[in-house]
Amino acid sequence: MTGRIARCGAAAFAACALAASGGPAWAHASDRGHVLLLPTHYYLFGGMLAVALSFLILVFLPGEGLGRLAGRRIRLVRLPFDGRAGVSFLSFLCLAGLVLAGLLGSRDPLSNPLPLVIWTLMWVGLTLAQGVLGNLWAWLNPWYGIWRLLLRAGLPESGWLRLPEGLGMGPAVVLLFAFAWFELVYPAPDDPARLALAVAAYWLFSMIGMALFGYPAWSRRVEFLSVFFGMVARLSPFEAVRRGQGSVVLYAGLPGHKLRGSAALPVSGVAFLLLALSSVSFDGFMRTFFWLDLIGVNPLEFPGRSALVGANTAGLFGMFLLLCGAFLGCVRLGEVLAGGTPVRNAPGMLVWSIVPIALAYHFSHYLVVFLINGQYALAALSDPLVRGWDLFGTAGLYVQAGVALGAQSAWIIWNAQAFAIIGAHVLAVIIAHLIAHHLFGSARRASLSQVPLAILMIAYTVFGLWLLSAPTAG
Amino acid sequence: MSENRKLQMNSASGVSRRTTLKGLGAAAGLIAAPGFVRYGQAQSSEPIRIGFQCHRTGIGAAYGRWYERTTTAAAKRINDAGGINGRPLEIVIEDDGTDPKRGAEVVEKFANQHKVDLVYGTLFSHVVVGSAPAAGELKIPYYVVSEGYHVASGKLNRYCVQPGITDVKAQARSMAPWIADNLGKKVTLVYPDYAFGHDHRDFFTPAIEAQGGQVVAKVPIPPTETSFTRYFPQIPSETEVIYHVMVGPAVLTFVKEMGEFFGNSGPKLFGFIDSLEAVDIKSPGLEFLEGSHFWEGMPRYAQPDQADYVTAYREAVGIDENGASTQDAKDVSTAAHMFGCWETLNIIKAAMEACDYKGTDDRAAMIEATEAMTDMEAGADHPQGKKRFNGKTHQVFGEQSISQVVDGKLKVVHRTSIEDGAYEPEADYTAMSF
Numbered sequence: 146m147t148g149r150i151a152r153c154g155a156a157a158f159a160a161c162a163l164a165a166s167g168g169p170a171w172a173h174a175s176d177r178g179h180v181l182l183l184p185t186h187y188y189l190f191g192g193m194l195a196v197a198l199s200f201l202i203l204v205f206l207p208g209e210g211l212g213r214l215a216g217r218r219i220r221l222v223r224l225p226f227d228g229r230a231g232v233s234f235l236s237f238l239c240l241a242g243l244v245l246a247g248l249l250g251s252r253d254p255l256s257n258p259l260p261l262v263i264w265t266l267m268w269v270g271l272t273l274a275q276g277v278l279g280n281l282w283a284w285l286n287p288w289y290g291i292w293r294l295l296l297r298a299g300l301p302e303s304g305w306l307r308l309p310e311g312l313g314m315g316p317a318v319v320l321l322f323a324f325a326w327f328e329l330v331y332p333a334p335d336d337p338a339r340l341a342l343a344v345a346a347y348w349l350f351s352m353i354g355m356a357l358f359g360y361p362a363w364s365r366r367v368e369f370l371s372v373f374f375g376m377v378a379r380l381s382p383f384e385a386v387r388r389g390q391g392s393v394v395l396y397a398g399l400p401g402h403k404l405r406g407s408a409a410l411p412v413s414g415v416a417f418l419l420l421a422l423s424s425v426s427f428d429g430f431m432r433t434f435f436w437l438d439l440i441g442v443n444p445l446e447f448p449g450r451s452a453l454v455g456a457n458t459a460g461l462f463g464m465f466l467l468l469c470g471a472f473l474g475c476v477r478l479g480e481v482l483a484g485g486t487p488v489r490n491a492p493g494m495l496v497w498s499i500v501p502i503a504l505a506y507h508f509s510h511y512l513v514v515f516l517i518n519g520q521y522a523l524a525a526l527s528d529p530l531v532r533g534w535d536l537f538g539t540a541g542l543y544v545q546a547g548v549a550l551g552a553q554s555a556w557i558i559w560n561a562q563a564f565a566i567i568g569a570h571v572l573a574v575i576i577a578h579l580i581a582h583h584l585f586g587s588a589r590r591a592s593l594s595q596v597p598l599a600i601l602m603i604a605y606t607v608f609g610l611w612l613l614s615a616p617t618a619g
Numbered sequence: 058m059s060e061n062r063k064l065q066m067n068s069a070s071g072v073s074r075r076t077t078l079k080g081l082g083a084a085a086g087l088i089a090a091p092g093f094v095r096y097g098q099a100q101s102s103e104p105i106r107i108g109f110q111c112h113r114t115g116i117g118a119a120y121g122r123w124y125e126r127t128t129t130a131a132a133k134r135i136n137d138a139g140g141i142n143g144r145p146l147e148i149v150i151e152d153d154g155t156d157p158k159r160g161a162e163v164v165e166k167f168a169n170q171h172k173v174d175l176v177y178g179t180l181f182s183h184v185v186v187g188s189a190p191a192a193g194e195l196k197i198p199y200y201v202v203s204e205g206y207h208v209a210s211g212k213l214n215r216y217c218v219q220p221g222i223t224d225v226k227a228q229a230r231s232m233a234p235w236i237a238d239n240l241g242k243k244v245t246l247v248y249p250d251y252a253f254g255h256d257h258r259d260f261f262t263p264a265i266e267a268q269g270g271q272v273v274a275k276v277p278i279p280p281t282e283t284s285f286t287r288y289f290p291q292i293p294s295e296t297e298v299i300y301h302v303m304v305g306p307a308v309l310t311f312v313k314e315m316g317e318f319f320g321n322s323g324p325k326l327f328g329f330i331d332s333l334e335a336v337d338i339k340s341p342g343l344e345f346l347e348g349s350h351f352w353e354g355m356p357r358y359a360q361p362d363q364a365d366y367v368t369a370y371r372e373a374v375g376i377d378e379n380g381a382s383t384q385d386a387k388d389v390s391t392a393a394h395m396f397g398c399w400e401t402l403n404i405i406k407a408a409m410e411a412c413d414y415k416g417t418d419d420r421a422a423m424i425e426a427t428e429a430m431t432d433m434e435a436g437a438d439h440p441q442g443k444k445r446f447n448g449k450t451h452q453v454f455g456e457q458s459i460s461q462v463v464d465g466k467l468k469v470v471h472r473t474s475i476e477d478g479a480y481e482p483e484a485d486y487t488a489m490s491f
């Protein structure tokens, strides 16, 4: 069978040449067409100005006062129990059900709940929820509950093996890259059966890892979703602090207040956060006419993902390297400008300022997908195996694609995206400034150190807005 | 496992099958049993399974959504009327990602895993061309709905047919007589500089010349272009008609800039609705199109004099007077093309009944039965209009609509004849072996 697929694939490839003279391959006018008519260049200029002005204002603001304000938090409520294990176990059962649906349910990726839950509800919805509400993943991940059961059965808490210290978060970086590649480059990430196998394999791999090396070490350094969601949750105004056995106290502060006090990340942690941002950036970039033209693809005759695997793999990696180079270069240049005693691990601290940008990119790039596929997900979850069930009363939901169609929707969506991108960069500048105050001591040194990074933020604001307003295909 | 990999369609009004299920359950006062399909009169036999190669994801997803809705509505109508040869119709959806390589894999999956009777429904040309060799190799009928010239060109194989939608060559040719008689004989072509645009250039030019007209200029526009003002000076002042077939996200910009360039004094405009399929004609930037003319495969807007079967078709598929979803006025349909799904399923039914199709051993007989088809009268099975199938080229020919933008809506002003678009066969699939 593999042989036949290979032959069919070769035939398909050869046939593309024939298609070029065969007939139309339509490029949909699409809703980016409405955005092309909007005065987006004003937004680009305005965004640039807003981020630059924020930086200038910060230079003249007393850092201590801002720091104190950012450090304030209020106690909200004390939860008398820690239900993480129970919730996690339920989450595992749900995941098992979804994998089953992936294997046995509809082959249509918009009727099968697995791709919709993984790509829309988890990767988009949960990421945004983490940024707003805090680390829900600590409760929702499908491993913790099982691991606690294994502990009861006699498994040592830190497992039997140790991860080499030198690895840092390296394994999580590799896994995040693999995940991003599967999502953005692999030709069929939505195929329910293939996704079911990938999800099941990854769950098993992680469970074995957690058993062997202990849940804490594995979830902090290898399991990329825990690492990613944990980082994003640091932007949330809410913080749960465990008080002894079985009780949790919930606090609230300003968005991002937790980032200021976060410990410096190792080099691999810096790479992880920058990969998270660069992969979402590449998701937008790889659809632009600019990129397609660069790799010799006619955007009006988009050939499909299969034909772009090589170019997009290189692009994904290239964008990661480019962002790493720009970020590390700016931090280093800032240190040189600030002068005085060298600071220990400035990139590891300052990289936390990337979190709001990563979250805003996530919001902006996946907003339309979330609005539409979120509806498909609601319908699919009510009837996961296509047997005519209506578990949640949403099986008959008519998917309103119109929420993202037409000139008016394009205007609303564009404004929401632009507001998120600009706002996040302003927040990033503030956070970086506070971290720099802490790192460099004096206001003068802190401000000088931030000049290159502020320029990078301004450039990334413009880039982010351009990605959302440039003509796209695919 | 694969037995459950099926989407059993029996839904109403072209919306999601889930909506229908709910509706049916309520109507029947029953909770649907596993499999849940009620086939009307056709409930006792093994279903006929059709593999629907659907653009669920990728660049064709907006079209795929409406192809799916139309397919659902057509399948329900067939099942309600007793199915095919007394057997219910079952649609199995696989997503091809609008990708030719995946298209070939999907055909293979349909044949070997789902064991469907035939594959149907592909729209994008490159996916058709990429999948056709697999269909030929696996000897499975492949009924496409793509309007590409690739079928009639003879470059595919005997298992590939396009009986439910006309091809671009016939469409472009059939416009020439009316344009020459009503808009003018001196035409400038503005088209994207790649295969799609070249097809229009190559098919329309001889057709307008045959009408005593001439193409006074050809203005190819690079596919990556997003600003067009600098191309308009290339349009000669003697031009009476601009024939434009721009596609892609910059179409709205193209129209807006053309309006700014010509104001009220420009040549007449003639376009193909492909440029603005699924886009609201009343969108900002498109004001300049008022009074201009378009080709439409089937009218998007309800026409005052439309036949009852057209009204019934529109109701079944679920589109309102403006060609948008009855449940979502902003979701404009791909009306000019999606009727092809409806008609193709009806032709599949007719072919299966003609050859008394029993199972996969009759696949070749089914193709032969399709090849034997000729005239198809307009009606409930063919709401777009009268058609004539050419068994040699595996391509159908039909009437087309020419519509004018009046108050931001498309009003049909002329119907072309089948002869306007017909051309001599350039291939003979019947001479190929199975």
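If you read the sequences in order, they're chains A and B. All letters in the first sequence, in the order written, are residues 146 to 619 by my numbering. All letters in the second sequence, in the order written, are residues 58 to 491 by my numbering. By construction, the Cβ of each residue, glycine as well, lies at the ideal position given by its N, Cα and C atoms.
Option in the options with minimal Cα separation from residue i
{"i": "residue 416 of chain B", "options": "B:173, B:140, B:111", "result": "B:173"}
{"i": "residue 412 of chain B", "options": "B:404, B:406, B:423", "result": "B:423"}
{"i": "residue 497 of chain A", "options": "A:411, A:385, A:328", "result": "A:411"}
{"i": "residue 501 of chain A", "options": "A:275, A:300, A:357", "result": "A:275"}
{"i": "residue 516 of chain A", "options": "A:261, A:251, A:245, A:416", "result": "A:261"}
{"i": "residue 345 of chain B", "options": "B:465, B:128, B:200, B:459", "result": "B:465"}
{"i": "residue 599 of chain A", "options": "A:186, A:192, A:355, A:188", "result": "A:192"}
{"i": "residue 473 of chain A", "options": "A:459, A:458, A:494", "result": "A:494"}
{"i": "residue 486 of chain A", "options": "A:461, A:586, A:457, A:520", "result": "A:586"}
{"i": "residue 477 of chain A", "options": "A:492, A:468, A:463", "result": "A:492"}
{"i": "residue 466 of chain A", "options": "A:441, A:422, A:442, A:507", "result": "A:422"}
{"i": "residue 550 of chain A", "options": "B:390, B:287, B:138, B:115", "result": "B:390"}
{"i": "residue 488 of chain A", "options": "A:582, A:367, A:505, A:556", "result": "A:582"}
Local Cβ density within 10 Å of residue i, reported as buried at 16 or more and exposed below that
{"i": "residue 481 of chain B", "result": "exposed"}
{"i": "residue 179 of chain A", "result": "buried"}
{"i": "residue 157 of chain B", "result": "buried"}
{"i": "residue 410 of chain B", "result": "exposed"}
{"i": "residue 205 of chain B", "result": "buried"}
{"i": "residue 186 of chain A", "result": "exposed"}
{"i": "residue 175 of chain B", "result": "buried"}
{"i": "residue 182 of chain B", "result": "buried"}
{"i": "residue 353 of chain B", "result": "buried"}
{"i": "residue 228 of chain B", "result": "buried"}
{"i": "residue 434 of chain B", "result": "exposed"}
Start-to-end residues for the beta strand (DSSP E) that takes in residue i
{"i": "residue 520 of chain A", "result": "Looking at the DSSP string, residue 520 of chain A is not in any beta strand (DSSP E); the run it does join, the alpha helix (DSSP H), is 500 to 527."}
{"i": "residue 471 of chain B", "result": "466 to 472"}
{"i": "residue 245 of chain B", "result": "243 to 249"}
{"i": "residue 473 of chain A", "result": "Element bounds for residue 473 of chain A: not the beta strand (DSSP E) but the alpha helix (DSSP H), 454 to 483."}
{"i": "residue 384 of chain A", "result": "383 to 387"}
{"i": "residue 395 of chain A", "result": "393 to 398"}
Those residues which DSSP pairs with residue i across a bridge
{"i": "residue 325 of chain B", "result": "B:298"}
{"i": "residue 106 of chain B", "result": "B:147"}
{"i": "residue 433 of chain B", "result": "B:444"}
{"i": "residue 352 of chain B", "result": "B:329, B:459"}
{"i": "residue 477 of chain B", "result": "DSSP lists no partner for residue 477 of chain B."}
C-beta neighbour in chain C for residue i, strict 8 Å
{"i": "residue 450 of chain A", "result": "In the structure shown, chain C cannot be found, because the protein chains are A and B."}
Spatial distance of residue i from residue j (CA atoms)
{"i": "residue 234 of chain A", "j": "residue 536 of chain A", "result": "21 Å"}
{"i": "residue 428 of chain B", "j": "residue 449 of chain B", "result": "7 Å"}
{"i": "residue 178 of chain B", "j": "residue 209 of chain B", "result": "17 Å"}
{"i": "residue 186 of chain B", "j": "residue 451 of chain B", "result": "15 Å"}
First through last residue of the alpha helix (DSSP H) which encompasses residue i
{"i": "residue 224 of chain A", "result": "Taken as a continuous stretch (DSSP letters only), residue 224 of chain A belongs to no alpha helix (DSSP H), being part of the beta strand (DSSP E) at 218 to 224."}
{"i": "residue 166 of chain B", "result": "157 to 166"}
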